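What follows is a single structure, written as structure tokens, with notes after it.
In the numbering used here, the protein residues as written are 194 to 521.
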């Protein structure tokens, strides 16, 4: 089968399309014919050597959608439409930038009940599973709540806006550029705040009592300011590190964290474990809402399989305002 491999860290040019062996699935694994996959900064960082050394051949990719080719357990039938994400992809096992991928069965979600296109399905798994884990399981956000999405123009940030709105929450989104405000409003934001580094004062003007939830995509760089927007018993959950290192320098619990509030972290590596089984996820529900026009598709550009290096260049340019996908 054809797959992208990396033999050394570097720029997009180190992504090489090669013929490699397909992996037969073990008893707890599923082999999938990849129809499309989403692109993520995690793959850019992996390619650049920022997520561990490149030893041997590395196939990048942490998510995909496609059809089941083989499942020895019998859980999934041949030809069934499915999605997969995480479960060691691109680290402990070859990733999804390939014509086929063999994954842990626990990291496979059934999508048989939706007619959404492969391209739009490919925009869902990693971003929406992350947002679901944070807002749907860790916090249980819902109707009547106010959710602030800090760093909303990223792919996962936009998923946070769309998902929180689908749950019935009031959504406030931040962006550094006024030019992005229309996009955020179109996908579900009730208000958009321009982020100049500190937004707490502006958020308090909109919501004097504070917000219920902060979905923090920028990370440690803005977390200290973000928690100032919380109402008592509100929670800020960090799901991204767009702003740099994950370290909070000299964070004072009594002065920096408002009284009776919390700060948490959600990492998508837990997806597919017994703590967060993927079969409980709302991926099919989200896909059907998008198919019916009740929720926006966040896909903004689709690339051919032979054009992945160009897609990586677009991600690194920070000009992609939404999810990029590859169709095989």
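All C-beta atoms, glycine included, are put in the ideal place defined by N, C-alpha and C. What you are looking at is a predicted structure, and each value in this text was computed from that prediction instead of being measured.
Residue i burial status per 10 Å Cβ neighbour count (16 or more: buried)
i, result
"residue 483", "buried"
"residue 243", "exposed"
"residue 322", "buried"
"residue 490", "buried"
"residue 239", "buried"
"residue 298", "buried"
"residue 426", "exposed"
"residue 317", "buried"
"residue 221", "exposed"
"residue 511", "exposed"
"residue 487", "exposed"
"residue 485", "exposed"
"residue 461", "buried"
"residue 387", "exposed"
"residue 264", "buried"
"residue 402", "exposed"
"residue 271", "exposed"
"residue 338", "buried"
Residue span of the beta strand (DSSP E) that contains residue i, given as start and end
i, result
"residue 392", "Note, residue 392: premise wrong, no beta strand (DSSP E); not H, not E."
"residue 425", "423-431"
"residue 208", "Segment: none, residue 208 is in no beta strand (DSSP E) and carries neither H nor E."
"residue 494", "492-497"
"residue 196", "195-198"
"residue 487", "Element bounds for residue 487: n/a, residue is neither H nor E."
"residue 369", "No beta strand (DSSP E) holds residue 369; DSSP gives it neither H nor E."
Euclidean distance between Cα positions of residue i and residue j
i, j, result
"residue 253", "residue 504", "13 Å"
"residue 380", "residue 398", "23 Å"
"residue 290", "residue 446", "43 Å"
"residue 382", "residue 364", "5 Å"
"residue 457", "residue 428", "7 Å"
"residue 350", "residue 341", "10 Å"
"residue 325", "residue 467", "16 Å"
"residue 400", "residue 280", "39 Å"
"residue 407", "residue 214", "44 Å"
"residue 208", "residue 352", "28 Å"
"residue 255", "residue 516", "14 Å"
"residue 249", "residue 421", "46 Å"
"residue 314", "residue 519", "11 Å"
"residue 310", "residue 287", "25 Å"
"residue 232", "residue 251", "16 Å"
"residue 285", "residue 394", "44 Å"
"residue 514", "residue 212", "33 Å"
"residue 175", "residue 245", "An answer regarding residue 175 cannot be provided, because it is not within the stretch 194 to 521 covered by the chain."
"residue 389", "residue 415", "11 Å"
"residue 451", "residue 443", "15 Å"
"residue 423", "residue 405", "6 Å"
"residue 392", "residue 359", "24 Å"
"residue 258", "residue 501", "17 Å"
"residue 332", "residue 497", "38 Å"
"residue 196", "residue 433", "28 Å"
Extent of the continuous alpha helix (DSSP H) run through residue i
i, result
"residue 508", "501-510"
"residue 418", "413-419"
"residue 359", "348-359"
"residue 297", "No alpha helix (DSSP H) holds residue 297; the beta strand (DSSP E) holding it covers 293-297."
"residue 375", "374-379"
Residues near residue i in its chain [Cβ-Cβ closer than 6 Å; skip 5 each side]
i, result
"residue 305", "273, 274"
"residue 366", "342, 345, 354, 377, 382, 385"
"residue 320", "348, 349, 352"
"residue 374", "385"
"residue 494", "517"
Own chain residues within Cβ distance below 8 Å of residue i, not counting five before or after
i, result
"residue 499", "210"
"residue 303", "269, 273, 274, 275, 472, 477"
Any C-beta of chain B under 8 Å from that of residue i
i, result
"residue 519", "Within the model displayed, chain B is absent; a lone protein chain is all it includes."
Other residues of its chain near residue i: CB distance less than 7 Å, five sequence neighbours each side excluded
i, result
"residue 293", "194, 215, 224, 225, 226, 227, 262"
"residue 199", "207, 208, 240, 247, 251, 253"
"residue 465", "279, 280, 297, 299, 300, 471"
Go through the region 434-483 residue by residue and report every complete run of the alpha helix (DSSP H) that reaches 4 residues or more, in order.
446-449
Runs of beta strand (DSSP E) lying entirely within the region 236-286, each at least 3 residues, in chain order:
256-264, 274-278
Restricting to runs no shorter than 3 residues, where is the beta strand (DSSP E) found entirely within the region 303-345?
339-343
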